[in-house]
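Reviewing the structure listed below.
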Amino acid sequence: MKIMNPATGQVLREIQDDTPDTVREKVERARIAQRRWATLPLDVRLDIMRGFLRILQERTEELAALLTSEMGKPITQARNELKGMPERVTFFIDNTATAIADEVVLRLISGRDGTQPPDLEERIKYEPLGVVVNISAWNYPYFVGSNVWIPALLTGNAVIYKPSEFATLSGLAIADMMHSAGVPDDIFATVAGDGSVGASLLDADIDAIFFTGSYATGQKIAEAAARKLIKVQLELGGKDPVYICEDVDVDAAAASMAEGAFYNAGQSCCAVERIYVREEISEEFIAKLTDRVDALVVGDPTHDETFLGPLARAQQLDVLEQQVAEAVSKGARLLRGGRRADGAGNYFAPAVLADVTGEMSIMQEESFGPVIGVQVVKDDEEAIECMNDTEFGLTAGVYTKDRKRAESILSHVNAGTAYWNCCDRVSPRLPWTGRGHSGMGSTLSLVGIRAFTQPKAYHLRRA
Ligand code: NAD
Numbered sequence: 005m006k007i008m009n010p011a012t013g014q015v016l017r018e019i020q021d022d023t024p025d026t027v028r029e030k031v032e033r034a035r036i037a038q039r040r041w042a043t044l045p046l047d048v049r050l051d052i053m054r055g056f057l058r059i060l061q062e063r064t065e066e067l068a069a070l071l072t073s074e075m076g077k078p079i080t081q082a083r084n085e086l087k088g089m090p091e092r093v094t095f096f097i098d099n100t101a102t103a104i105a106d107e108v109v110l111r112l113i114s115g116r117d118g119t120q121p122p123d124l125e126e127r128i129k130y131e132p133l134g135v136v137v138n139i140s141a142w143n144y145p146y147f148v149g150s151n152v153w154i155p156a157l158l159t160g161n162a163v164i165y166k167p168s169e170f171a172t173l174s175g176l177a178i179a180d181m182m183h184s185a186g187v188p189d190d191i192f193a194t195v196a197g198d199g200s201v202g203a204s205l206l207d208a209d210i211d212a213i214f215f216t217g218s219y220a221t222g223q224k225i226a227e228a229a230a231r232k233l234i235k236v237q238l239e240l241g242g243k244d245p246v247y248i249c250e251d252v253d254v255d256a257a258a259a260s261m262a263e264g265a266f267y268n269a270g271q272s273c274c275a276v277e278r279i280y281v282r283e284e285i286s287e288e289f290i291a292k293l294t295d296r297v298d299a300l301v302v303g304d305p306t307h308d309e310t311f312l313g314p315l316a317r318a319q320q321l322d323v324l325e326q327q328v329a330e331a332v333s334k335g336a337r338l339l340r341g342g343r344r345a346d347g348a349g350n351y352f353a354p355a356v357l358a359d360v361t362g363e364m365s366i367m368q369e370e371s372f373g374p375v376i377g378v379q380v381v382k383d384d385e386e387a388i389e390c391m392n393d394t395e396f397g398l399t400a401g402v403y404t405k406d407r408k409r410a411e412s413i414l415s416h417v418n419a420g421t422a423y424w425n426c427c428d429r430v431s432p433r434l435p436w437t438g439r440g441h442s443g444m445g446s447t448l449s450l451v452g453i454r455a456f457t458q459p460k461a462y463h464l465r466r467a
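Under this note's numbering, the first residue of the sequence shown carries the number 5, and numbering increases by one thereafter.
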């Protein structure tokens, strides 16, 4: 497998792919090793994860440069991703004991003084799933990966990690840090390759699959998991809407939208993908948004001042050009950008389209690139209807000074995450969960720690 630099089109390294045989061997070794790993005291596993975090922090600059080289993320944004890791890892370290503590839900004691052992106790214990597979995306390899491997390892599972073929070098670096921190090689193993290698993982003897990626691949994963009747969680795409009300600070809202739509070249599952703006302020908002987009620095992702680098995947350039062309053919106004750049690298000029409608693919299908459509709405009811006009249900936002109004609107929107005056934001303390085509199951929060366990119900009656 050739690892390419998307900013230059040059080959960075060649890597040996895994084969169905090496995949099977890794899974078999993980199964044997997991039994011992699960019996270690939680404190031992917690210490190992603290060590992993220390190493990651020491290597931040080198890891950021590696990520930039293989997927084109601007270096400041690569650093931001790595600097966001301590908060996440620490959340898992601080909360795993609570999340998986035994729960006594009934205790009947017949003795008068209450000192005897109970006659009947009902207790829930949380056991690891076993061998957990994580097939992942490239856009935030550290964030989306750590949502799985850290809690999976802490709760006593073995992890077979398949990084995306567009973030393999980062995946190998993560494995190296895990092993240096004391995670046995067979407890955290990486599998390298493209989708066919991912598919072979699903043929192996695994207990659960946690997937981050597109809806199309998610469907295939869910079908394969259904045949085996194993646990499956899916974190898939989004078509995340934001509604800008008429009472906002227009310039601040435009600045927030330019950042939310174009950060990481729009390649975030929770990037702003659709904007609905009230007609009273629509002209002013669109003018301010285009000013903000004009000010974004597009260029070499290794430069500190660059905000927008190349896309990670060349094929997405075709998707974006088609979305823009179709929207224009149906009456949209292309105000900025909208075409690939000449020369080397997967660069796409950031696009702003006005006069878009719900019939256009740009308002229906995930763009996952630096493209945004702005649609005018006349009232809150129409905004709610438009926001719900999608198969996806990842995030939705409302910008207004009025919190009550925002919460009322958001209560009618079918999405796993609701934002008031913010967007493109993830918190380790809150469940990360998609509805509809955006996925199933939750990571992060206490719910996302328990996701890596299975409950066992104990009925304990004294003889
Ligand atoms: P993708 O579906 O193309 O690939 C994801 C992973 O699946 C890769 O590792 C790939 O090799 C593997 N794969 C492909 N075909 C497979 C198959 N048949 N069987 C098993 N594995 C297979 O997605 P991508 O381009 O890597 O990621 C972009 C998508 O991920 C976007 O839709 C984005 O919104 C989504 N995403 C969602 C979240 C979230 O939290 N909801 C986070 C990040 C990315």
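We put the CB at the ideal spot given by N, CA and C, even for glycine.
- Closer than 7 angstroms to some heavy atom of the ligand NAD: that describes the Cβ of W436.
- Residue side-chain check: G76 keeps its Cβ at 7 angstroms or more from all non-hydrogen atoms of the ligand NAD.
- In chain order, R282, E284 and I285 place their CB closer than 7 angstroms to the CB of E250, counting only its own chain and leaving out the 5 sequence neighbours on each side.
- An exposed status is given to V109, since fewer than 16 other beta-carbon atoms sit within 10 Å of its beta-carbon.
- Per DSSP, the beta bridge partners of H463 are E126.
- Excluding the 5 residues flanking it on each side, D198 has same chain C-beta neighbours closer than 8 angstroms at M5, D21 and E169, in chain order.
- From the listed residues L86, R83, T221 and A229, the smallest Cα separation to V136 is found for A229.
- Within the segment 391 to 446, the beta strand (DSSP E) runs of at least 3 residues that lie entirely inside it are, in chain order, 399 to 403 and 421 to 424.
- Per DSSP, reduced to three states, the secondary structure at N268 is helical.
- For the segment 6 to 77, the full-length alpha helix (DSSP H) segments reaching 4 residues or more read 24 to 43, 46 to 62 and 64 to 75 along the chain.
- Per DSSP, T216 is one residue of the beta strand (DSSP E) stretching across A212 to T216.
- In the DSSP assignment, G377 falls outside any alpha helix (DSSP H) and lies within the beta strand (DSSP E) extending over V375 to V381.
- By the beta-carbon neighbour count (other beta carbons within 10 angstroms, threshold 16), T102 is exposed.
- Contact between the segment 205 to 224 and the segment 416 to 424 is absent: fewer than three C-beta pairs spanning the two stretches fall below 8 angstroms.
- Exclusion of the five residues before and after P122 leaves R111, L112, I113, L464 and R466 as the residues of its chain whose Cβ lies within less than 8 angstroms of its Cβ.
- Taken from the Cβ of D428, every heavy atom of the ligand NAD lies 7 angstroms or farther away.
- Taking the Cα of D106 as reference, the smallest distance to any Cα among G313, E126 and G452 is reached at E126.
- For P354, there is no enclosing alpha helix (DSSP H), as DSSP marks it with neither H nor E.
- Residues Y165, F192, A193 and T194 of the same chain have their beta carbon placed closer than 8 angstroms to that of A179, with the five preceding and five following residues left out of the count.
- The segment 202 to 213 makes no contact with the segment 324 to 338: fewer than 3 CB pairs, one atom from each, lie closer than 8 angstroms.
- Annotated as proximal: V451 and P435, with beta-carbon spacing under 8 angstroms.
- Counting C-beta pairs closer than 8 angstroms gives fewer than three between the segment 358 to 368 and the segment 252 to 270, which falls short of the contact rule.
- Sixteen is the threshold: when 16 or more other Cβ atoms of the shown chains lie within 10 Å of the Cβ of K77, as they do, the residue is buried.
- Here the C-alpha atom of D51 lies approximately 12 angstroms from the C-alpha atom of F96.
- By the Cβ rule, the segment 428 to 445 counts as touching the segment 384 to 403, because three or more pairs are nearer than 8 angstroms.
- In this structure, R58 sits away from A68, with a CB-CB distance that is not shorter than 8 angstroms.
- Looking only at T294, E62, F56 and Y130, the smallest Cα-Cα distance to N161 is reached by Y130.
- Going by DSSP, F289 is part of the alpha helix (DSSP H) stretching over S286 to D298.
- Ranking Q319, D304 and A318 by CA distance to the CA of L312 puts D304 first.
- A straight-line Cα-Cα distance of about 28 angstroms links E85 and V378.
- Excluding sequence positions up to five before and after R54, its CB lies within less than 7 angstroms of the CB of I97, all in the same chain and listed in chain order.
- With a cutoff of 8 angstroms on beta-carbon distance, V252 and T12 are scored as not near each other.
- In terms of side-chain proximity, the C-beta atom of F214 is found no nearer than 7 angstroms to any non-hydrogen atom of the ligand NAD.
- Taking a cut-off of 8 angstroms for Cβ pairs, the segment 346 to 361 and the segment 371 to 389 touch, as three or more such pairs fall below it.
- A distance criterion of 7 angstroms places the beta-carbon of F372 in contact range of the ligand NAD, judged by its closest non-hydrogen atom.
- If you look at N99, you'll find it in the alpha helix (DSSP H) that goes M89 to I104.
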